[in-house]
Amino acid sequence: MSKSNKKPVSQQPNSPLDAAQAAAPAAESGLSFVRSLFSLLVLVGLVLTFKNVILDANNIPSASMVPTLKIGDYLFVNKMRYSLLFPFLGAGIANYDNPERGDIVTFQPPNEEGKNWVKRLIGLPGDVFRIRQISACDLSRTLRSRSTRPDGNVPAPLPPDKRDYRCPEEGASLYEPPTVTIFEYRAAGSGEWINFGPREIPAAEARQILIDADEVGGVLHPDLIPAAINIYHPLPVLFEEVIGGTRHLFLETPTDPGFQKLLGPDCTAEQMQSTGCQIPADHYLVMGDNRDNSQDSRFVGYIERSMFRGKALVTYFSINWYQKICETYAGNIPYDQRDGSIGFDLPDFSYADQARYCHLVGENGDYGLLAWLVNFLSNEIPRMDVRWSRIGLLLQ
């Protein structure tokens, strides 16, 4: 009997069953890719929604809140503290609490869409307030309103040996006394005037607090700045004040920052110094803790309630990049004089390291992305210093 040459059905090369079996893995692979992509998009959407509505992460690029916040701080912001925000738009769906005096808040400044600023809230809707510039030498004599301290008084001035400046009656001094920005208010427009009880911090303690702030003029003590750097560097002086029962520090210099924006038909310079001006309904007044180097309500006006984006909670990381230090160093000391013999007197950044790592992009004629990358890897990374003591710092 002859053998049949016919192959089993399953062995036929072009059978429908073979085609279906061959297509099945490809279809399953394609479906798996779609599922993975969908899961990734959902995850990204959830993360972005969480960041936009619940908890945001911000970094600090300027010195306007020194010493509370320093350049290079990274902080978490509670975006649900005051309002429920519409995802990705920033608009409020519902307000369930209002900012309180003393809160460190983030907000969108007037006419600056897409930007977030961080400042301290010090004036509430309906407050009658005044802002006066008073010499530190005259605080206890001039400031007669009740303070927020338990005894209601303004602390006595420090003895001369605890200060780096002298008052006029104490003789000549290398440094001018600081001018203190005093905010006084009458809550809801009634009652007595109240101030925050400013108390000066001893000079040696203040110097150590400010030494790693990565800012020069008005923050770093003049004794730590080399004579070769010819810039204006007034004496920084720290004060403590009490707002809402919480103590925090603020920074002053002999400079008068003014308050140009708040002056208008309803708030004259004379009113600001005497009877005061009233904050409109649904508006707030904010200031930076670095009082002489902050763009705040004195320059941009009151902040509407709808512009608040959250409350600063905690610093989760902090890096001192020495960016401002190096910009000032490289901008004032010629390249051929950077031999390690001069520099800022900083404990963790020697003269030699400043000469080695303080360079600017384009200083040698190289510009562009590659030059920036080379500078970042060869200069910025080696000189950076993690501020371990600031990690986990509760902000208040």
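The numbering used here applies: residue 116 is where the sequence shown begins, and numbers increase by one. Cβ atoms here follow ideal geometry from the backbone N, Cα and C, with glycine treated the same way.
#1: Could you tell me the boundaries of the beta strand (DSSP E) in which T221 lies?
#2: May I have the straight-line CA-CA distance separating C382 from I246, to the nearest angstrom?
#3: In whole angstroms, what is the alpha-carbon distance linking Q469 and P313?
#4: Would you call the segment 257-271 and the segment 449-466 touching, i.e. three or more CB-CB distances under 8 angstroms?
#5: Work out the CA separation of P182 and I394 for me, nearest whole Å.
#6: In the DSSP assignment, what residue or residues form a beta bridge with C473?
#7: If we cut at 9 angstroms on Cβ distances, does H348 have a partner in chain D?
#8: What are the uninterrupted segments assigned as beta strand (DSSP E) that are 3 or more residues long and contained completely in the segment 421-499, given in chain order?
#9: Just list the residues that DSSP pairs E299 with in beta bridges.
#10: Restricting to runs no shorter than 3 residues, where is the beta strand (DSSP E) found entirely within the segment 268-321?
#11: When the Cα of Y399 is compared with those of R406, D411, N231, which residue comes out closest?
#12: Leaving aside the five residues before and after A396 along the sequence, list all residues of the same chain whose C-beta is less than 8 angstroms from its C-beta, in chain order.
#13: Tell me which residues share the same chain as D500 and place their Cβ nearer than 6 angstroms to its Cβ, disregarding the 5 neighbours each side in the sequence.
#14: Figure out for me which residue from D404, T370, A342, Q511 has the closest Cα to the Cα of F459.
#15: Leaving out the 5 sequence neighbours to the left and right, which residues in its chain are closer than 6 angstroms to N494 when beta-carbon positions are compared?
#16: Per DSSP, K234 forms a beta bridge with which residues?
#17: Taking the alpha-carbon of G286 as reference, which of Q323, F423, C252 has the nearest alpha-carbon?
#18: Exposed or buried, which one is P372 when buried takes at least 16 other CB atoms within 10 Å?
#19: Measuring CB atoms only, is the segment 357-366 touching the segment 185-194, in the sense that at least three cross pairs come out at less than 8 angstroms?
#20: Take E227 as the anchor and find which of I418, L428, L510, S433 has the nearest alpha-carbon.
#21: Please check the pair A303 and K185, which I expect to be a contact at CB under 8 angstroms, by giving their CB distance rounded to whole angstroms.
#22: Considering only DSSP beta bridges, list what M195 is partnered with.
#23: Could you please give me the residues that DSSP links to A343 through a beta bridge?
#24: Among P176, Q386, F311, R424, whose alpha-carbon lies nearest the alpha-carbon of L254?
#25: Apply the 10 Å Cβ neighbour rule to T443 and answer buried if 16 or more other Cβ atoms are within range, or exposed otherwise.
#26: Tell me which same chain residues have a C-beta within less than 6 angstroms of the C-beta of D218, skipping the five on either side of it?
#27: For M180 versus K234, is the C-beta distance shorter than 9 angstroms?
#28: Between S580 and I309, which are expected to be in contact by the criterion C-beta below 8 angstroms, what is the C-beta distance as a whole number of angstroms?
#29: Can you tell me whether DSSP reads A251 as helix, strand or coil?
#30: By a C-beta neighbour count over all protein chains shown, 10 Å radius and 16 as the cutoff for buried, is R256 buried or exposed?
#31: As a quick exercise: from Y280, E215, C282, P293, pick the residue whose alpha carbon is nearest that of I249.
#32: List the DSSP bridge partners of Y399.
#33: Using only the alpha-carbon positions, how far apart do R498 and L258 sit?
#34: Do L339 and P369 have their beta-carbon atoms positioned less than 9 angstroms apart in this structure?
#35: Counting only the same chain and skipping the five closest in sequence on each side, list residues whose C-beta sits under 8 angstroms from that of G416.
#36: Hey, L289 and I316 are a contact pair by Cβ (cut 8 angstroms); roughly how many whole angstroms apart?
In brief:
#1: The count along the sequence shown starts at 1 and reaches residue 221 at position 106. T221 -> beta strand (DSSP E) spans 219-222.
#2: Your numbering for residue 382 matches position 267 in the sequence shown. Your numbering for residue 246 matches position 131 in the sequence shown. Their Cα atoms are separated by approximately 11 angstroms.
#3: Here residue 469 corresponds to residue number 354 of the sequence shown, with the count starting at 1. Here residue 313 corresponds to residue number 198 of the sequence shown, with the count starting at 1. Approximately 37 angstroms, taken between the alpha carbons.
#4: no
#5: Indexing the sequence shown from 1 puts residue 394 at position 279. Indexing the sequence shown from 1 puts residue 182 at position 67. When rounded, the distance between both Cα atoms is 27 angstroms.
#6: In the sequence shown, residue 473 corresponds to position 358, counting from 1. According to DSSP, C473 bridges with nothing at all.
#7: Checking the listed chains, one finds no chain D in this structure; it contains a single protein chain.
#8: 423-435
#9: Counting from 1 along the sequence shown, the entry for residue 299 is found at position 184. Per DSSP, R245.
#10: 294-301
#11: Here residue 399 refers to the residue found at position 284 of the sequence shown. Of the candidates R406, D411, N231, the one whose C-alpha sits nearest the C-alpha of Y399 is D411.
#12: What you label residue 396 is simply residue 281 of the sequence shown in a count that begins at 1. Answer for A396: P240, G241, listed in chain order.
#13: Position 385 of the sequence shown, counted from the first residue, corresponds to residue 500. Excluding residues within five positions, the ones whose Cβ falls inside 6 angstroms are N435, D463.
#14: Numbered from its first residue, the sequence shown carries residue 459 at position 344. Per the Cα distances, A342.
#15: To locate residue 494, count along the sequence shown from 1; it is residue 379. The answer, listed in chain order, is Y472, H474.
#16: Taking the sequence shown and counting its residues from 1, the one referred to as residue 234 is at position 119. Looking at the DSSP assignment, K234 forms a beta bridge with V220.
#17: The residue you call residue 286 lines up with position 171 of the sequence shown. Minimum Cα distance to G286 is reached at C252.
#18: Taking the sequence shown and counting its residues from 1, one reaches residue 372 at position 257. With 16 or more Cβ atoms within 10 Å of its Cβ, P372 is classed as buried.
#19: no
#20: Numbered from 1 along the sequence shown, position 112 holds the residue referred to as residue 227. Here the closest residue by C-alpha is I418.
#21: For the purposes of this step, residue 303 is taken as residue 188 along the sequence shown, with counting starting at 1. For the purposes of this step, residue 185 is taken as residue 70 along the sequence shown, with counting starting at 1. A303 to K185, Cβ: 35 angstroms. No contact.
#22: For the purposes of this step, residue 195 is taken as the residue at position 80 of the sequence shown. Paired residue(s): none; M195 is not in a bridge.
#23: As a working mapping, residue 343 is identified with position 228 in the sequence shown. Note: A343 sits in no beta bridge, so no partner.
#24: Residue numbering aside, residue 254 sits at position 139 when the sequence shown is read from its first letter. When each option's Cα is compared against that of L254, the closest is F311.
#25: Stepping through the sequence shown from its first residue, residue 443 is reached at position 328. Counting Cβ neighbours within 10 Å, T443 comes out buried, since at least 16 surround it.
#26: Within the sequence shown, the letter at position 103 stands for residue 218. Around D218: L236, K426.
#27: Within the sequence shown, residue 180 is the residue found at index 65, counting from 1. Within the sequence shown, residue 234 is the residue found at index 119, counting from 1. Result yes, Cβ atoms of M180 and K234 sit closer than 9 angstroms.
#28: It is not possible to answer for residue 580, since the shown part of the chain is limited to 116 through 511.
#29: Indexing the sequence shown from 1 puts residue 251 at position 136. Helix at A251.
#30: Along the sequence shown, one-based indexing puts residue 256 at 141. So R256 counts as exposed.
#31: Sequence index remark: in the sequence shown, residue 249 carries index 134 (1-based). Of Y280, E215, C282, P293, the residue nearest in Cα terms is P293.
#32: Numbered from its first residue, the sequence shown carries residue 399 at position 284. DSSP output for Y399 lists I418 as bridge partner(s).
#33: Start at 1 with the first residue of the sequence shown, and residue 498 comes out as number 383. Start at 1 with the first residue of the sequence shown, and residue 258 comes out as number 143. Using only the alpha carbons, I get a separation of about 45 angstroms.
#34: For this step, residue 369 is matched to residue 254 along the sequence shown. For this step, residue 339 is matched to residue 224 along the sequence shown. For P369 and L339, no; Cβs fall outside 9 angstroms.
#35: By 1-based counting over the sequence shown, the position of residue 416 is 301. The residues are P225, K376, L377.
#36: Within the sequence shown, the letter at position 174 stands for residue 289. Within the sequence shown, the letter at position 201 stands for residue 316. L289 to I316, Cβ: 19 angstroms. No contact.
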